[in-house]
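Have a look at the structure below, then the notes.
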Amino acid sequence: MAGEAGPPPLSMPKAMLMAGFFAIAFYNTIEIFVLIFSMFKKRRGRYFWSMVVAAIGIPTHAIGFLLRYYELTPFLPISALTIVGWCFMVTGQSVVLWSRLHLMVHDPTRIRLVLVMIIVNACFLHIPESVIFFLCNMGNPAPYLLPFRIYERVEIVAFSLQESVISGLFLWEG
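End of the sequence shown sits at 174 in full-length UniProt numbering; the numbers just go up one at a time, nothing left out.
Structural data, given as structure tokens:
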């Protein structure tokens, strides 16, 4: 989550590029929702709801960043919006994959271990990162910037490994 201590200065080309990516994110979200609600006849279950939550995370995170970079509202509410969107996207996508894992992996213990990994990673990665992110947006962000940058990289690597493990199980068992 770049710009953790406030918005960086933006040139017009960068601002326009960001607006374009924002539009792409919203287009993708609309397309995902159309597909979700047209394909699912029964709107219930882990797969359906994890898809909905992960899809909601895309515009939530994008709106948070757009408001932050264009300095349209105070940083604290934007920070909350950004964090909620990030958690919904990342953990939501992992739960989407986990909810389909039973189609390939027939060992309930492995499926349960994947769920435990998702929950543990969500608790040990999202919560501390969120706290540091909020601290970066309080009165004196300087002492928290370096820890945030380090923890953010650790979080990205850990979530990438998590997604790789889940995807690897699909490949290995399929």
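Virtual Cβ for every residue (Gly too), placed ideally from N, Cα, C.
Item, Value
"On the DSSP letters alone, give me the boundaries of the alpha helix (DSSP H) that K14 sits inside.", "12-39"
"For G174, does the three-state DSSP call read helix, strand or coil?", "coil"
"State the Cα-Cα distance for the pair V96 and W86, rounded to the nearest angstrom.", "15 Å"
"Where does M117 fall in DSSP's three states?", "helix"
"Considering only the beta carbon of each residue, do M117 and Q162 sit closer than 8 Å?", "yes"
"Quick one: Cα of M138 to Cα of F170, how far?", "43 Å"
"Compute the Euclidean distance between the alpha carbons of F148 and W49, then round it to the nearest angstrom.", "31 Å"
"Whole-angstrom Cβ separation of F88 and N121, contact assumed at under 8 Å?", "That belief does not hold up - the Cβ atoms of F88 and N121 are roughly 15 Å apart, past 8 Å."
"Can you give the Cα-Cα distance for V34 and V52, rounded to whole angstroms?", "11 Å"
"Compute the distance between the beta-carbons of H126 and T73, then report whether it is under 8 Å.", "no"
"Comparing alpha-carbon positions, which option in A23, G45, M39 lies nearest H61?", "A23"
"Among the candidates M12, A15, I156, S167, whose CA atom is the shortest distance from the CA of H102?", "S167"
"Can you tell which of C136, G174, A54 has its C-alpha closest to the C-alpha of E152?", "C136"
"Please state whether the Cβ-Cβ distance between W98 and L113 is less than 8 Å.", "no"
"Using 8 Å as the threshold, is the C-beta distance between I36 and A15 below it?", "no"
"Residues in the same chain with beta-carbon distance under 7 Å from E129, minus the five sequence neighbours each way, listed in chain order, please.", "Y151, E152, E155"
"In terms of residue numbering, what span does the alpha helix (DSSP H) encompassing H61 cover?", "46-69"
"Expressed to the nearest angstrom, what Euclidean distance is found between the alpha-carbon atoms of M39 and I63?", "27 Å"
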